[in-house]
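What follows is one structure encoded as structure tokens, with my remarks underneath.
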Amino acid sequence: MKKLMMSAAALALAATGAAAEVKVGMITTLSGGGAGLGIDVRDGFMLAIEQSGRSDIEVVIEDDQQKPDIAVQLSDKMIQSEKVDVMTGIIWSNLAMAVVPGAVAQGKFYLSPNAGPSALAGKGCNPNYFNVAWQNDNLHEAAGAYANSAGYKNSFILAPNYPAGQDALTGYKRFYEGALAGELYTQLGQTDYAAEIAQIRASGADSVFFFLPGGMGISFLKQYADSGVGLPVVGPAFSFDQGILQAVGPAALGVVNTSQWSKDLDNAANVAFVESFQAKYGRLPSLYASQGFDTANLLISAVEKADVSDADAFREALRAADFASTRGAFRFGPNHHPIQNIYAREVIQEGDVFTNKVIGVALEDHADAYAAECKM
Amino acid sequence: MSGILIAEQILNGLQSGVMLFLMAAGLTLIFGVMGLINLAHGSLYMVGAFAAAWVAGATGSFGLALIAALAGAALAGVLIEVLVIRRLYRAAHLDQVLATFALILIFSEGTRYVFGSFPLFLDVPGALSGPVTLPGGIQYPLYRLTLIGVGLLVALFLWWLTARTRIGIQIRAGENDREMIAALGVDISKLYTLVFALGAALAGLAGAFVGAIQSVQVGMGEPVLILAFVVIVIGGIGSIKGAFVGALLVGLTDTLGGIFLPQVFKLFMAPDVATQTGSALASMAIYIVMSLVLIWRPSGLFGARA
């Protein structure tokens, strides 16, 4: 098992030793097909820690291989033998459901840099659980809102047949007001979409909404472009992030997607983040990297205000969200999920590089639909 | 449900079937001739796709990319045959599974080390991109039509190779009795390396062809590997003809099941429930077909051995 100990303490020579050490356990996906996401979260997170220059935050990083059982083992190890104070890093909702409830029940803080299953936003919310990215439905809701404003009346919608896929279609339908030309669940990990594209062609739809994260989205977009169907496509940012756009290539040009972050958001924190990320890692950041960066900065803001051993004070410091987010305005709702703008972006080409450009706000100051069910 | 849609779905099923055949043919040859369960066959598919994407990125030529995929995967095949697999022919199947599973991990992390964690770009060549209109008004991507054609040509070539050439006779003889053909003066280890390289090259070719319309990324070979195993079990282990029939059967079942099962359920269920039930059942369809075939013929459709 690969184990990386990255300590900010190693950078500063003789640390003063006055402040209490905060130990962070990061469990994320660093191998296998989904590794790109975890690597971006890790790199964004570590960049923020490095920039803070703090010597009192130690980060232990482990690879969950995108497997729930491994994630649970690692979590037990981090809590029992590493004795971490704060946990973070999980990308996938099914892994989050396996790890987060146990970790917060043992009094640890959990800061989610990505996964936002509805179960943890509503009845299952917890005072020690903070989501710094979004609730799973949010970007899809924004896509539905965008579809209305674009005048789409007859959408064909598809997503993989697993919980996050069902949440995606639910989220889209929550805001989309037109009719449905068709609704399809595909297999998780499916790579060939010829059959679905033929149905889209035959359905008489005027637009297509899809949630197919990672490689599934690459396959779909390439095949869709080659099929000549040519209907407008809208989707969440997960199939249009910086890591995979280069693999999709020209097939993605002009597609509108929704995201809480974009490389060209014009605020000081974001400009500095994009520039320093590119300087350090030699690639453009993705939304996952921005989420990792924001998560670390939230943590740092809380460490500056309160001692982690005083759980109530530390929780209040986290809740204040007193940090400069790369998304601009950022605050937590009553269930510790973000209330934030969600933007519509368009895929463009800058020289050789495919990237996104903000074209408008899809949902302003958007909170999730489950906050009312949360009692804490 | 229009006739055009059905015809288009049948073409889709054929296309996925013939690509599956390229994978399954190599797998069934290696299993049939050498008695080896090669889990790393999916990695050779990935090697082909990465070699193609890399060469296409550097030269811009899809033709060169295909040659690179064939050569790269064949070379990787020869390397692992000589270094690892050769020691396993007499070993138990469990040892083979263990060793070739290790090869999957080595190939995956090795590829990540060389190319990074992000998917590579490989596009359909310009001359083959876009749809064509077939008789009857069916709009169908030209590239997929080409894949069907190429797949059938490869099937024909393999039939000719095994049925009409000296090498083919040796391969078939090796399947039946390896001691005897060794005693007759055939260099069995050279023959094994050759068969392994041939199987690897076919997998690499499939990886390159499919990579152009899918995502070229680490781990792309494993889902195809599982399907390929289903194909050779249905077709009968060791039989090229069985692999061909099995691949088409799996391709068509997978494609048509995904489309028509939800439609069938809609006749007597609420649409959203029908969609979910139909999709769930569709993902099981090929395994149901496999069990039916095995009940009817336990050694597969064209299997020689029970």
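Those protein sequence lines, which keep their order, are chains A and B.
According to the numbering used here, the first sequence is numbered sequentially starting from 1.
According to the numbering used here, the second sequence is numbered sequentially starting from 1.
Using N, Cα and C, we set each Cβ at its ideal position, and we do this for glycine too.
Any chance you could list the beta strand (DSSP E) runs of at least 3 consecutive residues sitting entirely within the region 41-111 of chain A, in chain order?
57-63 and 86-88
From which residue to which residue does the beta strand (DSSP E) around proline 223/B run?
One-based indexing of the second sequence puts residue 223/B at position 223. It is not in any beta strand (DSSP E) - proline 223/B instead sits in the alpha helix (DSSP H) that spans 221-235.
Under the three-state reduction of DSSP, which class applies to glutamate 364/A: helix, strand or coil?
Position 364 of the first sequence holds residue 364/A. Looking at glutamate 364/A - three-state DSSP - the assignment turns out to be strand.
Just to make sure I have the definition right: I need the residues of chain B whose C-beta is within less than 7 Å of the C-beta of tyrosine 185/A. Which are they?
Against the first sequence, residue 185/A aligns to sequence position 185. Here the neighbours are Thr275, Gln276 and Ser279.
Tell whether a beta-carbon distance below 8 Å holds between glutamine 291/A and proline 113/A.
Here residue 291/A refers to the residue found at position 291 when the first sequence is read from its first residue. Here residue 113/A refers to the residue found at position 113 when the first sequence is read from its first residue. Against a cut-off of 8 Å, the Cβ pair of proline 113/A and glutamine 291/A comes out as a contact.
With respect to the alpha helix (DSSP H) encompassing isoleucine 218/A, which residues constitute its N-terminal and C-terminal limits?
Taking the first sequence and counting its residues from 1, one reaches residue 218/A at position 218. Counting along the chain, the alpha helix (DSSP H) containing isoleucine 218/A begins and ends at 215-227.
Pairwise C-alpha distance: leucine 265/A and alanine 321/A
As a working note, residue 321/A is residue 321 in the first sequence. As a working note, residue 265/A is residue 265 in the first sequence. Taking the straight line from one Cα to the other gives about 19 Å.
Count the other CB atoms, across all protein chains shown, that sit within 10 Å of the CB of methionine 220/B; report buried if there are 16 or more and exposed otherwise.
Position 220 of the second sequence, counted from the start, is the residue given in the question as residue 220/B. So methionine 220/B ends up on the buried side.
At 4 residues or longer, what runs of the alpha helix (DSSP H) sit wholly inside the region 226-303 of chain A?
242-248 and 268-281
From the DSSP secondary-structure annotation, give me the bridge partner or partners of arginine 345/A.
Numbered from its first residue, the first sequence carries residue 345/A at position 345. In the DSSP output, where bridge partners are listed per residue, arginine 345/A has Asn257/A and Val358/A.
Out of Met46/B, Leu256/B, Leu14/B and Phe31/B, which one is the CA nearest neighbour of histidine 93/B?
Position 93 of the second sequence, counting from 1, holds the residue named residue 93/B. Residue Phe31/B is the option with its Cα nearest to histidine 93/B.
Coarse secondary structure for alanine 179/A, derived from DSSP in three states
For the purposes of this step, residue 179/A is taken as residue 179 along the first sequence, with counting starting at 1. Reduced to three states, the DSSP call for alanine 179/A is strand.
Three or more C-beta pairs closer than 8 Å, one from the region 179-187 of chain B and one from the region 191-201 of chain A: is that the case here?
no
Sort Leu184/A, Phe220/A, Met216/A and Gly217/A by Cα distance to serine 380/A and report the nearest one.
Past the edges of chain A, shown from 1 to 376, lies residue 380/A, and the structure says nothing about it.
Contact set between the region 75-106 of chain B and chain A, restricted to residues whose Cβ is under 7 Å from the partner:
none
Buried or exposed for methionine 284/B, please, with buried defined as at least 16 other CB atoms from any protein chain shown within 10 angstroms of its CB.
The sequence position of residue 284/B within the second sequence is 284, counting from 1. Looking at its Cβ environment, which holds fewer than 16 other Cβ atoms inside 10 Å, methionine 284/B is exposed.
Please work out which residues of its chain come closer than 7 Å, Cβ to Cβ, to tryptophan 160/B, disregarding the five sequence neighbours upstream and downstream, and give them in chain order.
Taking the second sequence and counting its residues from 1, one reaches residue 160/B at position 160. Here the set comprises nothing.
In terms of residues, what are the limits of the beta strand (DSSP E) holding serine 155/A?
Position 155 of the first sequence holds residue 155/A. It spans 154-160 - the beta strand (DSSP E) in which serine 155/A sits, taken as one unbroken run.
Which residues does DSSP list as the beta-bridge partners of isoleucine 10/B?
Here residue 10/B refers to the residue found at position 10 of the second sequence. Answer by DSSP bridge pairing: none, since isoleucine 10/B is not bridged.
Please decide whether methionine 1/A counts as near chain B, where near means a Cβ-Cβ distance under 8 Å.
Locating residue 1/A in the first sequence gives position 1, counting from the first residue. Per-residue confidence for methionine 1/A stands at a pLDDT of 39, beneath the threshold of 50, marking its modelled position as unreliable; the derived number appears in the next sentence. Cβ-Cβ to chain B under 8 Å: no for methionine 1/A.
Assigned secondary structure, phenylalanine 130/A (DSSP; H/G/I helix, E/B strand, else coil):
Along the first sequence, read from residue 1 onward, the residue named residue 130/A stands at position 130. Correct three-state label for phenylalanine 130/A: strand.
Less than 8 Å separating the beta-carbons of tyrosine 288/A and leucine 47/A?
In the first sequence, the residue the question calls residue 288/A occupies position 288. In the first sequence, the residue the question calls residue 47/A occupies position 47. For tyrosine 288/A and leucine 47/A, no; Cβs fall outside 8 Å.
Any beta carbon from chain A within less than 8 Å of glycine 258/B's own beta carbon?
Mapped onto the second sequence, residue 258/B falls at position 258. Yes - at least one Cβ of chain A is within 8 Å of the one on glycine 258/B.
So, helix, strand or coil for glutamine 166/A, using DSSP?
Numbered from 1 along the first sequence, position 166 holds the residue referred to as residue 166/A. Helix, per DSSP.
Say whether chain B places a C-beta atom closer than 8 Å to the C-beta of glutamine 291/A.
Here residue 291/A refers to the residue found at position 291 of the first sequence. Chain B, which has no Cβ nearer than 8 Å to the Cβ of glutamine 291/A, makes this no.
Helix, strand or coil at leucine 128/B [DSSP, three-state]:
On the second sequence, position 128 is the one that residue 128/B refers to. DSSP places leucine 128/B in helix when its eight states are reduced to three.
Please classify alanine 58/B: is it buried, with 16 or more other beta-carbons within 10 angstroms of its beta-carbon, or exposed?
Residue numbering aside, residue 58/B sits at position 58 when the second sequence is read from its first letter. Under this definition alanine 58/B is an exposed residue.
Beta carbon of glycine 151/A nearer than 8 Å to that of alanine 159/A:
Stepping through the first sequence from its first residue, residue 151/A is reached at position 151. Stepping through the first sequence from its first residue, residue 159/A is reached at position 159. Their beta carbons are not under 8 Å apart, which means glycine 151/A does not touch alanine 159/A by this criterion.
Below 8 Å on C-beta distance, what does threonine 28/A contact in chain B?
For the purposes of this step, residue 28/A is taken as residue 28 along the first sequence, with counting starting at 1. The contacting residues do not exist; threonine 28/A stays about 12 Å from chain B at best.
Consult DSSP for isoleucine 213/B and reduce its assignment to one of helix, strand or coil.
Residue 213/B sits at position 213 when you count from the first residue of the second sequence. In the structure shown, isoleucine 213/B sits in coil (DSSP, three-state: anything other than H, G, I, E or B).
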